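Counting along the sequence shown from 1, when you hit position 105 you're at 482 in this note's numbering, and nothing is skipped either side.
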Amino acid sequence: YLKRHVDGPHVDASLILQLHSPAGFKGGGISVWDSADSPRFFQLHTGDLCLLDHMVYHQSHKICEGERWVLVVFCRCEEDRSAEQGPACIDSLARALESKSSAERGQAAVALATLASDQVYVAEAGAVASLVGMLRGTESEEREKA
Numbered sequence: 378y379l380k381r382h383v384d385g386p387h388v389d390a391s392l393i394l395q396l397h398s399p400a401g402f403k404g405g406g407i408s409v410w411d412s413a414d415s416p417r418f419f420q421l422h423t424g425d426l427c428l429l430d431h432m433v434y435h436q437s438h439k440i441c442e443g444e445r446w447v448l449v450v451f452c453r454c455e456e457d458r459s460a461e462q463g464p465a466c467i468d469s470l471a472r473a474l475e476s477k478s479s480a481e482r483g484q485a486a487v488a489l490a491t492l493a494s495d496q497v498y499v500a501e502a503g504a505v506a507s508l509v510g511m512l513r514g515t516e517s518e519e520r521e522k523a
């Protein structure tokens, strides 16, 4: 777990994707502070995505039992270099899957997470919104597989 903090000026945003935790867990969750310095608690479930601005205070909470699996991605906005990225870039993949089945979107979410863990790449804001929509639009069974 992490105590209250901001991610700081070296990133523009971060996201936390709650993955399926085969052993299950108790506890966890995240608190996010608003501009009035009031915390709000969120218990993340499989497939939930929390997107945070780099200067928003947040903290994760202790796990009391089991294991919690999450994917954390730190985002940085840069000049558009999408022409350099080829056909595997996140925005083209997300757009191509908008009309696909729940299972295909779940599989694509796994592919996108794998891309994110293997390389740094530029994504348009609309592409990130598409990824969030893909996860939100999947059946709970598919989110758990993701």
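Glycine included, every Cβ here is placed at the ideal spot set by N, Cα and C.
Please read these numbers as outputs of a predicted model, since none were measured by experiment.
Item	Value
Output the distance between the C-alpha atoms of Y378 and C441, rounded to the nearest integer angstrom.	11 Å
Please report how far the alpha carbon of F402 lies from the alpha carbon of P416, in whole angstroms.	23 Å
In this structure, what does DSSP give as the bridge partners for S476?	None; S476 has no bridge partner.
Check each candidate in L421, D430, C452 and D389 and name the one with the smallest Cα separation from S398.	L421
Quick check: the Cα distance between S478 and G385, rounded to an integer number of angstroms?	38 Å
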